[in-house]
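Trainee:
Numbering (our numbering), first residue to last: 304 to 333.
(1) Please report how far the alpha carbon of residue 330 lies from the alpha carbon of residue 323, in whole angstroms.
(2) How many angstroms separate the CA atom of residue 313 from the CA atom of residue 321?
(3) Quick check: what's the CA-CA separation for residue 306 versus residue 325?
(4) Can you grab the Cα-Cα spacing for the pair residue 308 / residue 328, in whole Å?
(5) DSSP three-state call for residue 333: helix, strand or coil?
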């Protein structure tokens, strides 16, 4: 259970980071 929770957190963090990167790209392109 603990390992699964850590994996989910990792995926969530990865998604959040890529989401921020995409948002920044869109903001730069305007």
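We put the CB at the ideal spot given by N, CA and C, even for glycine.
Mentor: A quick look at the data gives this:
(1) For the pair residue 330 and residue 323, the Cα-to-Cα distance works out to about 10 angstroms.
(2) 12 angstroms
(3) When the Cα atoms are used, residue 306 and residue 325 turn out to be separated by approximately 29 angstroms.
(4) 30 angstroms
(5) coil
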